[in-house]
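Undergrad: For reference, the structure I am asking about is given below.
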Amino acid sequence: MSQGMSQATGDAEAESARGTKRSAAVSLVLIAGVGATAYGLSRLEAGRRTEDVLVYRSRDACLADRVRSAQDCTEAEAAARVAYAATAPRYETLEDCERHHGPSAGCVPGATVTAAAQGRFLPVMTAFMMGRNPEQALPVQPLYPHAPEEERHAHGGGGGYCTGSGGRIAFVGGGSRVQVPTEVARTTSTTPRLVARGGFGGAGRAVASAGGHAGSGHGSGG
Amino acid sequence: MRRLACPERPDWRAHAARAGFHFHSFDGAPYWDESACYAFTLAEIEDDLEAPSRELHALCLAFVARAVEDGAILASLKIPDHAWDAIRASWRRRDPSLYGRLDLSYGGRDAGPAKLLEYNADTPTALYESAVFQWLWLEDGLARNRLPAGTDQFNSLHERLIARFAEIGAATGSPGVAFACVPDAPEDRGTVAYLQDCALQAGLSAPFLPVEAIGLDSDGRFVDEAARPIDTMFKLYPWEWMFADAFGRAVGASSTRFLEPPWKAVLSNKGMLAHLWAMAPGHPNLLPAFFEEDPAKASLGTSFVKKPLYAREGANVLIVRDGAVAASGDGPYGAEGFVRQGLGLLPCFHGRHALVGSWIVGDAPAGIGLRESDGMITTDRARFVPHVIDG
């Protein structure tokens, strides 16, 4: 089998020009080869542009790192706290919050953060993110623990942070310097978002338990 | 069209492993079966399968255009009325479709024209084995001189899928497609993994998320596990289940575009067969079909097939021949009603009943895949058998 990109010449003219009724080449970039399984694909995202950012758990960590000025560190933490109260994701229940941010990291009643979040649950702000240098003109963003239940089960981990608009910051082992996709670095949430889950899948489960095929070798397809 | 016995490659399982084909067996029995292949002439492929598939798909699109504007049709298909706006809007926007599979009864030139049994327009599987492993089998056969030089196959699926993803990416302006299915069904997950592969090769990002992890945010947007809004979502999870689920009512107002689009719900429904027959009575590639409530069903006499409006893998299908039950399938479906279709028995080769799945990518035919069953109803126990064009 040829590896790498195939030529997408699948139109009728190309077909008749080469005198066959079949694909000229078939290449698989993901699912073929030793060790490549159908699982774990969610980690692969091709062709992203990135920004260098700094991630700190506190103003003191920022000061100690001596990458940005003391004034920048102070202003960044203050901006992150303001943004946290205004834009942190809101969940209807503690369980919903912990399902995404993890049971250990801590989700708190919204009223303890801001009166506007009364009756909701918010993740704790565990870090903030700022640009490597002022010229990048990146917005400061509060960061939350990222540990979705599905990833915890599937990969024994999750980990890292996410932004209020859902951008993922991969785990940083102690250091402050991270590369994140440009869209994550530049997308800030301006309005808090309430996320509900589990609203798809129920009908499939019901059919499966009634004697259908979902959950066996054959699922929802036909 | 002939069924040729051919010795299977002793190392085909190693080939399958290398090619990422992990669902080649089902409950311990082979699903991929290369101990035989079907041989077609080019005229059978082009005149009897490819051209009718193009025409049937076009007829189906004409039906969708009519159905979305007619509540009586949508009601006859038992599509809940809260879904009508989403279906109608997706059609008016011309939301692009990726693929579908027409299931045809065809037994070769002498057996008469191919007849449409149903259209798996929403969640078809058997895709990877059609597009890739069947193709690799042919190329390997040519390389090892097991097949005569010049042997061909009706199968441009792989090229067409990549090209179609590129078109969809350009049309939607979306950098990627999120892929969702029930993750613990290996065949579904394998089909979706293959489509992720095609999307990546078309230059799109292609993350996976389990159907149950799809989120809905307070702005009415569907979001992924990291709460990022999803621009375009492929879901191998049928629209009738989507609409029945708690989030089903949020589809119409969301900005997410789906593959397949909501308008495909009109086609993946067996009630569509009765409407097609009413639109084009006597069409050579259609079997007469009527809703079970329609007295005109009596015109089918004592030989017919009764099918639930919503079902898959041959479940709850009943075949009556000369007034007696000839075959029936168990299953959980049928609550929404049934259609009665003229009997289009599958051709039988050496005791095996062969079904032609004819693939549509975008709006054009792109290849075929055959499945064989021991009984008259093609079920999830059917075996995939490769094909060649040799004349």
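Residue numbers (full-length UniProt numbering), protein chains in the order written: chain A, 1 to 222; chain B, 1 to 391.
Each residue gets a CB set at the ideal place from its N, CA and C atoms; glycine is no exception.
Answer with yes or no whether the minimum CB distance from residue 177 (chain A) to chain B is below 7 angstroms.
TA: Judged by the 7 angstroms Cβ criterion, residue 177 (chain A) is not in contact with chain B.
Undergrad: Going along the region 32 to 47 of chain B in order, which residues come within less than 7 angstroms of chain A, judged by CB to CB distance?
TA: So the list reads 45, given in the order they occur along the chain.
Undergrad: In whole angstroms, what is the alpha-carbon distance linking residue 103 (chain B) and residue 368 (chain B)?
TA: Computed Cα separation, rounded: 10 angstroms.
Undergrad: Checking contacts by CB at 7 angstroms: is residue 26 (chain A) closer than that to chain B?
TA: Chain B, which has a Cβ nearer than 7 angstroms to the Cβ of residue 26 (chain A), makes this yes.
Undergrad: How about residue 139 (chain A) and residue 188 (chain A): do their beta carbons lie closer than 7 angstroms?
TA: It is a contact, given that the beta carbons lie within the stated cut-off.
Undergrad: By DSSP's criteria, residue 284 (chain B) is part of a beta bridge. Which residues make up the other side?
TA: Answer is none; residue 284 (chain B) lacks a bridge partner.
Undergrad: Which residue spans inside the region 114 to 168 of chain A form an unbroken beta strand (DSSP E) run of at least 3?
TA: Counting only runs of 3 or more, we get 121 to 123, 127 to 131, 141 to 145, 161 to 163.
Undergrad: Using a cut-off of 7 angstroms between C-beta atoms, extract the partners of residue 203 (chain A) located in chain B.
TA: By Cβ distance, chain B contributes 241, 244, 245.
Undergrad: Check whether the Cβ of residue 167 (chain B) lies closer than 7 angstroms to any Cβ atom in chain A.
TA: Output row for residue 167 (chain B): interface = no.
Undergrad: Which of the three DSSP states is assigned to residue 233 (chain B) in this structure?
TA: Correct three-state label for residue 233 (chain B): strand.
Undergrad: Closer than 7 angstroms, Cβ to Cβ, to anything on chain A: give me those residues from the region 108 to 132 of chain B, in chain order.
TA: So the close ones are 120, 123, 124, 125, 132.
Undergrad: Would you verify that the beta carbon of residue 29 (chain A) is, or is not, closer than 7 angstroms to some beta carbon of chain B?
TA: So yes, residue 29 (chain A) belongs to the interface.
Undergrad: Could you tell me which chain A residues have their CB closer than 8 angstroms to the CB of residue 237 (chain B), listed as they occur along the chain?
TA: Under the 8 angstroms cutoff, chain A gives 200, 201, 204, 220.
Undergrad: Could you work out which residue in B:92, B:282, B:117 is closest to residue 356 (chain B) when comparing CA atoms only?
TA: The option with the nearest alpha carbon to residue 356 (chain B) is B:117.
Undergrad: In chain A, what lies closer than 9 angstroms to residue 53 (chain B) by C-beta?
TA: By Cβ distance, chain A contributes nothing, its closest Cβ being about 13 angstroms from residue 53 (chain B), past 9 angstroms.
Undergrad: Let's see if you can read the secondary structure: which residues bound the beta strand (DSSP E) around residue 89 (chain B)?
TA: Where residue 89 (chain B) is concerned, there is no enclosing beta strand (DSSP E), although the alpha helix (DSSP H) it sits in stretches over 84 to 92.
Undergrad: I want to verify the contact list: residues of chain B whose CB lies under 9 angstroms from the CB of residue 101 (chain A), in sequence order.
TA: What residue 101 (chain A) touches in chain B: nothing, since even the nearest Cβ is about 10 angstroms away.
Undergrad: Are the C-beta of residue 227 (chain B) and some C-beta of chain A separated by less than 7 angstroms?
TA: Yes - at least one Cβ of chain A is within 7 angstroms of the one on residue 227 (chain B).
Undergrad: Specify the secondary structure class of residue 53 (chain A) as computed by DSSP and reduced to three states.
TA: Strand, per DSSP.
Undergrad: In whole angstroms, what is the alpha-carbon distance linking residue 36 (chain B) and residue 372 (chain B)?
TA: Distance between the alpha carbons of residue 36 (chain B) and residue 372 (chain B): 10 angstroms.
Undergrad: Report all residues from its chain with a CB closer than 7 angstroms to the CB of residue 213 (chain B); omit the five preceding and five following residues, and keep chain order.
TA: 225, listed in sequence order.
Undergrad: From residue 263 (chain B) to residue 248 (chain B), what does the alpha carbon distance come to, in whole angstroms?
TA: Each residue's Cα considered, the two are about 14 angstroms apart.
Undergrad: Rounded to whole angstroms, what's the CA-CA distance from residue 81 (chain A) to residue 83 (chain B)? Just pull it up for me.
TA: Spanning the two alpha carbons is a distance of roughly 42 angstroms.
Undergrad: Whether or not the region 174 to 188 of chain A and the region 178 to 197 of chain B are in contact is what I'm after, with contact meaning three or more pairs of Cβ atoms, one per stretch, closer than 8 angstroms; do they touch?
TA: Not touching, per the Cβ criterion.
Undergrad: Which chain B residues sit within Cβ distance under 8 angstroms of residue 148 (chain A)?
TA: Simply 213, 225, 226.
Undergrad: Of the choices B:172, B:266, B:34, whose alpha-carbon is the least far from that of residue 231 (chain B)?
TA: Answer by Cα proximity: B:172.
Undergrad: Which runs of the beta strand (DSSP E) spanning at least 3 residues fall entirely within the region 27 to 115 of chain B, listed in chain order?
TA: Taking only runs of at least 3 residues, the beta strand (DSSP E) segments lying wholly in the region 27 to 115 of chain B are 36 to 40, 99 to 105.
Undergrad: Quick one: Cα of residue 406 (chain B) to Cα of residue 5 (chain B), how far?
TA: Lying before the first or after the last residue shown, residue 406 (chain B) is absent from chain B, which here runs from 1 to 391.
Undergrad: Would you say residue 122 (chain A) lies against chain B (beta-carbon separation less than 7 angstroms)?
TA: False, the Cβ-Cβ gap to chain B never drops below 7 angstroms.
Undergrad: In terms of residue numbering, what span does the alpha helix (DSSP H) encompassing residue 71 (chain A) cover?
TA: Start and end: 70 to 87.
Undergrad: Would you identify the three-state DSSP class for residue 38 (chain A), choosing helix, strand or coil?
TA: Note on residue 38 (chain A): pLDDT 29, under 50, position unreliable in the model; no value is reported.
Undergrad: Starting from the N-terminal side, write out each stretch of the beta strand (DSSP E) that is 3 residues or longer and does not extend beyond the region 160 to 197 of chain B.
TA: Entirely contained in the region 160 to 197 of chain B, the beta strand (DSSP E) runs reaching 3 residues are, in chain order, 178 to 181.
Undergrad: Starting from the beta carbon of residue 9 (chain B), find every residue of chain A whose beta carbon is closer than 8 angstroms, and list them in chain order.
TA: Those do not exist, as residue 9 (chain B) stays about 15 angstroms from chain A at its closest Cβ, beyond 8 angstroms.
Undergrad: Using a threshold of 7 angstroms, state whether the C-beta atoms of residue 165 (chain B) and residue 121 (chain B) are closer than that.
TA: Against a cut-off of 7 angstroms, the Cβ pair of residue 121 (chain B) and residue 165 (chain B) comes out as no contact.
Undergrad: Give the single residue among B:344, B:310, B:333, B:388 whose Cα lies nearest to the Cα of residue 304 (chain B).
TA: Residue 304 (chain B) has its Cα closest to that of B:344, out of B:344, B:310, B:333, B:388.
Undergrad: So which residues on chain A does residue 387 (chain B) lean against when the C-beta distance must stay under 9 angstroms?
TA: Under the 9 angstroms cutoff, chain A gives no residues; its nearest Cβ is about 11 angstroms from residue 387 (chain B).
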